[in-house]
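Report on one structure; see the data block that follows.
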Amino acid sequence: MKLRLNMITLRYLLLFFVLLISCSSDGLNNELPECTEQEQQVFVDRAVVATFTDVRGTIVEDDGCPVFAIKGGPMVEGRNVERLFACNLPDSYKRDGLEVIFSGDLYETFETENICAQFFLLTQVDTP
Numbered sequence: 002m003k004l005r006l007n008m009i010t011l012r013y014l015l016l017f018f019v020l021l022i023s024c025s026s027d028g029l030n031n032e033l034p035e036c037t038e039q040e041q042q043v044f045v046d047r048a049v050v051a052t053f054t055d056v057r058g059t060i061v062e063d064d065g066c067p068v069f070a071i072k073g074g075p076m077v078e079g080r081n082v083e084r085l086f087a088c089n090l091p092d093s094y095k096r097d098g099l100e101v102i103f104s105g106d107l108y109e110t111f112e113t114e115n116i117c118a119q120f121f122l123l124t125q126v127d128t129p
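End of the sequence shown sits at 129 in the working numbering; the numbers just go up one at a time, nothing left out.
Right, dumping it as structure tokens:
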């Protein structure tokens, strides 16, 4: 009888644990995908000019840029970072107007480039 009670308790504890680790408060998948091989080439021969930690921003779609970007980066080298293109932004975060808290590395931009968002590699993204 006692063994049976322990088995039932163990089953409920196991079920509770599985439910606990599978829950997400916002329904978004924060697992960062790999950038494609072509996207990874962008980072070759570029230096990291800033590292952001827990910065608030907003996801924007087609705000003059044909990619999903994060708007609202901090000041870097005396200029405001308007838009960040993160090739590893999870698909579940690609929603116009979604507020996020993010961390990652900002890569240099060359003067000869005409780009609409600065190259950025996320290390973490979540919602507030």
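Cβ atoms here follow ideal geometry from the backbone N, Cα and C, with glycine treated the same way.
Same chain, Cβ closer than 8 Å to residue i, five either side skipped, listed in chain order
i	result
G73	V56, R57, G58 and T59
Buried or exposed by the 16-neighbour rule on C-beta atoms within 10 Å, applied to residue i
i	result
S25	Because the pLDDT of S25 is 46, which lies under 50, any placement of that residue in the model is unreliable, and the number read from its coordinates should be weighed accordingly. Exposed, since its Cβ has fewer than 16 Cβ neighbours within 10 Å.
I71	buried
V61	buried
V45	exposed
Residue j beta carbon less than 7 Å from that of residue i
i	j	result
L122	D106	yes
P129	E100	yes
A51	V77	yes
L29	S93	yes
K95	F111	no
V43	F120	yes
I102	D127	yes
E38	C88	no
Element boundaries [alpha helix (DSSP H), containing residue i]
i	result
E40	E38 to Q42
7 Å Cβ cutoff, residue i in contact with chain C
i	result
I102	Absent from the structure: chain C. Only one protein chain is present.
Sequence-distant residues of the same chain with beta carbon closer than 7 Å to residue i, five excluded per side
i	result
E109	R47, A48 and V50
T113	none
V82	G74, P75, L107 and Q119
Range of the contiguous beta strand (DSSP E) that encloses residue i
i	result
A51	V49 to E62
A70	F69 to K72
Same chain, Cβ closer than 6 Å to residue i, five either side skipped, listed in chain order
i	result
Q125	S104
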